[in-house]
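If you count the sequence shown from 1, position 28 lands on 33 in my numbering, and the numbers rise without skipping.
Just so you know, even glycine gets a beta-carbon here, dropped at the ideal spot from N, CA and C.
Since we're looking at a predicted model, the values are computed, not measured.
Below is one structure, written out as structure tokens; comments come after it.
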Amino acid sequence: MGAKRILLIEDNAVNRRLAQFLLKSQGYEVWEVGSAPEAFASLKERQPDLILMDIQLPGMDGLTATRQLKGDPTTRDIPVLAVTSYAMKGDEAKAFEAGCSGYVTKPIDKTLFLEAVAKALKDRERKD
Ligand code: MN
């Protein structure tokens, strides 16, 4: 069985580096983009087992992007884990409404972050 593949959508370079580092430390294959349009282009090239979606992105925000992914038959089955900051109260409900299967907050807590990723991947396996 190959490594689980994760697409990371995050515009902040520091957060991106940290998330990459943590995910790679667990043996996941990770690639990253900094915006929703880049994510759509990337998804035409290769499909991940999980998408990590920053909610606050320049241009199209992460919830709008998630709704779009969930409305597209080629991407709707890929679980999306929302990543957002503590400051944004009420984001959790909005994330689930948009079609996200889970939610993690920034600043990233290493343990909670990796648990959420592992859970989202496991939920996905059960559906396959
Ligand atoms: Mn952001």
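Note: I83 is not bridge-paired with any residue in the DSSP secondary-structure output. Non-local C-beta neighbours of P42 in its own chain, meaning closer than 8 Å and more than five positions away in sequence, comprise G64, M65, ordered along the chain. Contact annotation: the stretch 81-90 touches the stretch 98-107, with at least three C-beta pairs closer than 8 Å. With contacts defined by Cβ atoms closer than 9 Å, F118 and A24 form a contacting pair. Relative to the ligand MN, even the nearest heavy atom lies 8 Å or more away from the CB of E37. Using a 10 angstroms sphere on the CB of V38, the tally of other CB atoms reaches 16 or more, which defines it as buried.
The stretch 27-110 is shown to contain whole alpha helix (DSSP H) runs of 4 or more residues at 41-50, 67-75, 96-103, in chain order. Nearest C-alpha to L48 among K111, S90, L74, G95: L74.
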